[in-house]
Amino acid sequence: MIRPVALFALLTLGACQQSSLVDLMPQDPSPDGQACREEALNDPDVRRIRRSNVSDNTSQQFIVQRELEEALPRAYRACMLRRGATPAGGVERLRRRPGL
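Residue numbers for the sequence shown, in full-length UniProt numbering: 1 to 100.
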């Protein structure tokens, strides 16, 4: 009985992680926006960051979260540019300094 409960807990945590990642990207309901959200979640850099095993190191968790906060929108914008759904140019996103 413990194994199904543990499996359910892991799946629930995975679902929470997935929904919080989607919140880091614009909520564009267009077909391009939806496709680019999926593509950004499967981006190689994002997948590499998500695989980081930092569950027992709080300071590393913050670093990984910050990297995800930068990588996901970057991958989303790159996809939107490739699809021609966003005009090129603009101002670079403000980056947080470490420790703030």
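For glycine and all other residues, C-beta sits at the position ideal for the given N, C-alpha and C.
Tell me where the alpha helix (DSSP H) around residue i begins and ends.
{"i": "residue 86", "result": "Unbroken run through residue 86: none, as it is neither H nor E."}
{"i": "residue 31", "result": "31-41"}
{"i": "residue 46", "result": "44-50"}
Please state whether DSSP places residue i in a helix, a strand or coil.
{"i": "residue 24", "result": "coil"}
{"i": "residue 55", "result": "coil"}
{"i": "residue 74", "result": "helix"}
{"i": "residue 92", "result": "coil"}
{"i": "residue 97", "result": "coil"}
Candidates the options: which alpha carbon is nearest residue i's?
{"i": "residue 47", "options": "65, 84, 28", "result": "65"}
{"i": "residue 96", "options": "80, 63, 49, 35", "result": "63"}
{"i": "residue 50", "options": "57, 41, 36", "result": "41"}
{"i": "residue 21", "options": "93, 70, 82, 90", "result": "70"}
{"i": "residue 27", "options": "53, 76, 54", "result": "76"}
{"i": "residue 37", "options": "93, 59, 81, 56", "result": "81"}
{"i": "residue 74", "options": "29, 91, 56", "result": "91"}
What's the call for residue i, buried or exposed, on a 16-neighbour Cβ count within 10 Å?
{"i": "residue 84", "result": "exposed"}
{"i": "residue 33", "result": "buried"}
If you measure from the beta carbon of residue i to each beta carbon in chain B, is any gap under 8 Å?
{"i": "residue 49", "result": "Among the chains in the structure shown there is no chain B, since it carries only a single protein chain."}
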